[in-house]
Amino acid sequence: MTTAQLDFSGGSLILARPGTGDPTLRAWDAADELLLEEAICAAAALGEPRVLVVDDQFGALSLGLAALSPTVVADSAVLPAALAHNASLNPEVTPPESVFSWINAPEGPFDLVVLRIPRQADYLAWLLRWLNRVMADSGVLLAGGMIKHLPARSVDVFAEAVRTEQVLPARKKARVIRCNRGAATLADWSATWKGYRLGDRKGDVGIEALPAVFAREKLDIGTRLMLPHVVNEVSTARAGDSALDLACGNGVLGLAALSERRGLQLVFSDVSSQAVLSARRNVEKAFPDAKAAFSHRDGVESDLGAFDLILLNPPFHEGGVVGDHIALRLFEQASQHLRPGGRLLLVGNRHLGYHRSLRRYFSSVQQLDASPKFVVFRAGNR
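First residue of the sequence shown? That's 885 in the working numbering, and the numbers climb one at a time after it.
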């Protein structure tokens, strides 16, 4: 965890960034700095605005604007824990009482919205249309991000959804756009759900997902390589066996497992609330009688219990940072939540060398399949 001090016109904060251990990475970037400055000025002009912060990363925006008592909503389950930890480093700051997600989104109207622009164009389009519903008629939207991470179609996406008032000059390779409420709504947008069909020897299942979900329009090639091994693994499952689809995304791995063994007790878990909502929708449509539960959280925690099988296609990027730090944490947590004789089935990028990492946490590691880019492993403890 890397800790540093953020100085801005509203004061200073000590902020820690969880995860990588890289001392060059901070819990904020220049986009956060620019958003804080603009938000403080906008709030002063608006009087006593009701403020909404959307998709803060590690708490810089939520704590930096704490004097305005903002409502906070984020897709990622990383934020609540990061925000709580960073609030403990700044005891003079009163943090938000809770963090909403898209599972339980807040209600407007909001006079000032501070938004971190996501990397996915469809998710940005979804957010802007949702914001049009919860912004006050005269509300102000401040949307910012690092220029290198802005979606390629961001100019068009903003033009289609909201009224752009001003594109502020870039600073430290960051950009903030000041907007007003537009007329576009989610009701008249056809791209909220996108997906594909997944066929196997037992039938055909529809897989759909919301815009923040990985590989929502087509089956990614790593998952494709893993799917036959999921079917093989659960074909010998006993009645009452439990499984976890960890980092489930749209739930495709768990759905393949349920297609083979309807009686499997399966938990779908993901750091993205839109992923959890997508997996739930897919399971309820395909297997309405399934023994399935859904959990929005970052990793595996003790209250989930222990499992006979954990399925995993681990993320390898977070907030623009690419690496194996997320996978390593999930490997360790998975090893602690397997029942005796339980196994972890996963697929990973070949270049990340997961066979070496897995041996830190599991006594048995077996390669089941490989392609030029991906490798499928089974791991367990004897």
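Note that the Cβ used here is the ideal one computed from N, Cα and C, for glycine as well. Here the structure is a predicted model, which means the values were calculated and not measured.
Review point. By DSSP, does residue 1078 sit in helix, in strand, or in coil?
Key: strand
Point to revise | Residue from 1105, 967, 1143, 892 with nearest C-alpha to residue 925 | key: 892
Exercise for review: Return the CA-CA distance between residue 919 and residue 901, expressed in angstroms with no decimal places.
Suggested key: 19 angstroms
**Study point:** Option nearest residue 1023 by Cα separation, candidates 1256, 942, 929
**Key:** Comparing C-alpha distances from residue 1023 to each of 1256, 942, 929 shows the shortest one belongs to 929.
Practice item. Identify, in the order they occur along the chain, each residue of the same chain with its Cβ nearer than 7 angstroms to the Cβ of residue 954, setting aside the five sequence neighbours on each side. Key: 935, 936, 937, 946, 980
Review point. Since residue 1233 is in the beta strand (DSSP E), which residue starts that stretch and which ends it?
Key: Element bounds for residue 1233: 1222-1233.
**Study point:** Alpha-carbon to alpha-carbon, residue 1059 and residue 1028
**Key:** 6 angstroms
Check your understanding: Roughly how many angstroms lie between the CA atoms of residue 910 and residue 896, to the nearest whole one?
Key -> 14 angstroms
Check your understanding: Within 7 angstroms: the Cβ of residue 1016 and any heavy atom of the ligand NAP?
Key -> The model depicted lacks the ligand NAP and carries no ligand whatsoever.
Review point. Do residue 1026 and residue 923 have their C-beta atoms closer together than 8 angstroms?
Key: yes
**Study point:** Which of helix, strand or coil DSSP assigns to residue 1043
**Key:** Residue state, collapsed to three classes: helix.
Check your understanding: For residue 1180, which beta-bridge partners are listed by DSSP?
Key -> 1154
Check your understanding: Could you give the uninterrupted runs of the beta strand (DSSP E) lying entirely in the segment 934-983, keeping only those of 3 residues or more?
Key -> Within the segment 934-983, complete beta strand (DSSP E) segments of at least 3 residues are found at 935-938, 955-957, given in chain order.
Check your understanding: In chain order, what residues of the same chain have a beta carbon less than 6 angstroms from the beta carbon of residue 1177, not counting five sequence neighbours either side?
Key -> 1151
**Study point:** For residue 1162 and residue 1135, the rounded distance between their alpha carbons
**Key:** Near 7 angstroms, if we compare the C-alpha coordinates of residue 1162 and residue 1135.
Exercise for review: Using beta-carbon positions only, say whether residue 1200 and residue 1208 come within less than 8 angstroms of one another.
Suggested key: yes
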